[in-house]
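Trainee: Residue numbers (our numbering): 54 to 616. Ideal Cβ placement from N, Cα and C applies to all residues, glycine included.
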Amino acid sequence: MDFKKEIITFLAAETKLAQEEVETLIAVPPDPKLGDYAFPCFKLGKNPKTEAEKLQAAIHKPDFISRIEVAGPYLNFFLNPVILARETLTEIYTQRKFYGKQDLGKGKRVVIEYSSPNIAKPFGIGHLRSTVIGDCLYKIHSFLGYTVVSVNHLGDWGTQFGKLLVAYRKWGEEKELEKDPIKYLLSLYVKFHEEAEKNPSLEEQARAEFKKLEDGDKESLALWESFRELSLEEFRRIYHLLDVEFDSYQGEAFYNNLLDKTITSVQKKVPTTLSEGALIVDLEQYSMPPLMLRKSDGASTYHTRDVAAALFRLQKYKPEKMVYVVGSEQKLHFQQLFKVLELMGIDASKYVHVDFGLFQFPEGKMSTRKGNVIFLEEVLHKAINLVKDIIEEKNPTLHNKEDVARMVGVGAIIFADLSNDRLRNVMFDWDRMLSFEGETGPYLQYTHARACSILRKAEQEQETGVGPYVNFSLLDQKEEAAVIKQLQIFPEIVVKVLQTDKPHHLARHLITAAQTFNEFYHACPVISDQKDSMKARLLLVDCVRQVLENGLHLLGIDAPEEM
Ligand code: ARG
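#1: State the CB to CB distance for the pair V376 and I507, rounded to an integer number of angstroms; the pair is presumed to be in contact (CB under 8 angstroms).
#2: Are there any heavy atoms of ligand 1 lying less than 7 angstroms away from the beta-carbon of S169, as far as the coordinates show?
#3: With a threshold of 7 angstroms on Cβ separation, who are the neighbours of A138 within its own chain once the five nearest residues in sequence on each side are excluded?
#4: Give me, in chain order, the residues of the same chain whose beta-carbon lies closer than 7 angstroms to that of Y522; leave out the 5 immediate sequence neighbours on both sides.
#5: Would you identify the three-state DSSP class for N571, choosing helix, strand or coil?
#6: By the DSSP assignment, the alpha helix (DSSP H) with S195 in it spans what residues?
#7: With K588 as the anchor, note down where its alpha helix (DSSP H) starts and where it stops.
#8: Using only CA atoms, which one of E256, D116, N205 lies nearest to F299?
#9: What distance in whole Å lies between the Cβ atoms of L433 and I466, which are believed to be in contact at a cut-off of 8 angstroms?
#10: Looking at the structure shown, is R477 part of a helix, part of a strand, or coil, going by DSSP?
#11: I'd like to check one pair, L497 with L559: are the Cβ atoms closer than 8 angstroms?
#12: Report whether the distance from the Cβ of G208 to the nearest heavy atom of ligand 1 is below 7 angstroms.
#13: Alpha carbons only, please: which of Q599, K584, D554, L592 is nearest the one belonging to Y191?
#14: At which residue ranges does the region 84-116 contain complete alpha helix (DSSP H) runs of 4 or more residues, listed in the order of the chain?
#15: Say the cut is 7 angstroms; is the CB of A504 nearer than that to a heavy atom of ligand 1?
#16: Give the straight-line distance between the Cα atoms of V548 and P495, rounded to the nearest whole angstrom.
#17: Going by beta carbon distance, what residues of the same chain come within less than 6 angstroms of I136, once the five residues before and after it are set aside?
#18: Grab me the residues of F130's own chain with a C-beta within less than 7 angstroms of its C-beta, minus the 5 sequence neighbours each way, in chain order.
#19: Is it true that the region 173-187 meets the region 404-412, where meeting means three or more beta-carbon pairs spaced less than 8 angstroms apart?
#20: Between which two residues does the alpha helix (DSSP H) harbouring H206 extend?
#21: Starting from N438 and walking both ways along the alpha helix (DSSP H), at which residues does that stretch end?
#22: Rounded to the nearest angstrom, what separates G198 and R162 at their Cα positions?
#23: What runs of the beta strand (DSSP E), each 3 residues or longer, lie entirely inside the region 339-381?
#24: Does the beta carbon of V185 fall short of 7 angstroms from some heavy atom of ligand 1?
#25: Is the closest heavy atom of ligand 1 to the C-beta of Y377 under 7 angstroms?
#26: Closer than 8 angstroms is the cut-off here; do at least three beta carbon pairs connect the region 443-460 with the region 468-475?
#27: Contact between the region 336-348 and the region 387-396: three or more CB pairs below 8 angstroms?
#28: Indicate, with yes or no, if ligand 1 has a heavy atom lying under 7 angstroms from the CB of E395.
#29: Since I believe L108 is in contact with L132 (beta carbons under 8 angstroms), could you give me their beta-carbon distance rounded to a whole number of angstroms?
#30: Could you give the distance in angstroms between the alpha-carbon of K510 and the alpha-carbon of I580?
#31: Between E144 and Q539, what straight-line distance do the alpha-carbon atoms span, to the nearest angstrom?
#32: Rounded to whole angstroms, what's the CA-CA distance from H113 to F573? Just pull it up for me.
#33: Would a C-beta distance cut-off of 8 angstroms place G269 and L207 closer than the cut-off?
#34: Please confirm whether A173 and L238 have their CB atoms less than 8 angstroms apart.
#35: If you reduce the DSSP assignment to three classes, tell me which class Q498 lands in.
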């Protein structure tokens, strides 16, 4: 039973407001003392308090509501705690891993582009952010009924490949390349920039090399292909650790032979001009620098390839929406791209840049050109190893140690990322991130494992398993009510992530749910001689376990049963 929906329906009927309007007005009060839902009455007349009183008198209170109170301009609804407990826990118990699932997006397709690392360069922390945020949005959209296409727009084309080809031909060795491809290619890239300082003609050679590549020179293409394959192999190791997959790896290079067609399509709808030999779309009247479609030497640009990709995706997938999960430093790039798409007559509601701030390391900023980078794979392994040490210390007899260490180490990093509003910069802090207390992934996983262990213990010691037929009126402690409330609003929170493209709403919700659960656990003994109370509480524990598992999975984090 969807209590909120029921309340919205009778409020809409009573106030003559549209359902949608009531839905945007109704809210969960910050303080549970003010009820489960609050409806502000400002829209109903000059004196909202009188309006609230009138409304209160007019409503025929349904059974699932225990009281309706006027508090200033608000009408507050208090749900009947027994019905709330029964409906919520029964639903979780029967729906299990589908609790929270909806078909809001039925028949609608969304293309989500994320990760998109650059070939021949290390997989950076920005790409990690894009990967985990994108993967979470992918999961949320699928859970809510959308058909989702995930695209990894690999940075596998561009002038930097001209530089690499020049560097590799001058100084490269195959044996070295195969040993540790990305590190080696990076060192060549760094060397190129050092040498180019002394010898600027190298830049010229690199431009010519890239042009050759664009024109399909066989030998250059073969070399490029091997750089791409070797890099992808490394990226795939990271995706494997993170457990993410993509429907498409069509990167920038894929659009190479669509570029002329793309430029023609743009020109049909939007005026272009030549500026010092380069073909541009002037965006001055929108207070933006021009979008360059073709360089003076005929080469394409990052922008051209993005216009081509957008048109291609629109045509191929016919999506309701295209989502780009890319760092905030590319904001202007996407504003320009979107402006050109809009000028081409494509509805602005069809594309959105989901941007995010920096993940900062205490070690300081990174620069690929200077070779000063942090390798993500090393970061992930460091997290896993630190967790291994913690397990050795705290729970040395645990089986599946390796697996659990991976789930917890990787989960800690994912959670540290997703628990902050994506627009904010995050400071990377090993101790805080890996702590089993506080607002961390391991804390959630630990709470989940604790719930699992209570259930195991009940079964072993008391031979009492979980079942849905319990006396719900026994769950009358305030700690129990607080937990049930958190479980009940889980589906709403999932929708909130969809509406805002912000996973932290879910991450924070899970933290609150885990905290209320731990308070309950300290205040109320679960396993006891009072069989009826034990059964009711075991059901509650099982439901918490389930919601934590569902929520963690939506964030892309595993939930081990023991740790
Ligand atoms: N490869 C780019 C980078 O690492 C990110 C690609 C973003 N997506 C796009 N459609 N431009 O900076």
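Mentor: To lay it out plainly:
#1: Not confirmed; about 40 angstroms, so no contact.
#2: yes
#3: F525, L528, I537
#4: none
#5: helix
#6: 178-196
#7: 584-608
#8: N205
#9: 7 angstroms
#10: coil
#11: no
#12: yes
#13: D554
#14: 101-111
#15: no
#16: 25 angstroms
#17: F117
#18: I60, G88, D89, Y90, I118, I121
#19: yes
#20: Run containing H206: none; DSSP gives neither H nor E here.
#21: 429-447
#22: 9 angstroms
#23: 344-347, 374-378
#24: no
#25: yes
#26: no
#27: yes
#28: no
#29: That belief does not hold up - the Cβ atoms of L132 and L108 are roughly 18 angstroms apart, past 8 angstroms.
#30: 8 angstroms
#31: 14 angstroms
#32: 34 angstroms
#33: no
#34: yes
#35: helix
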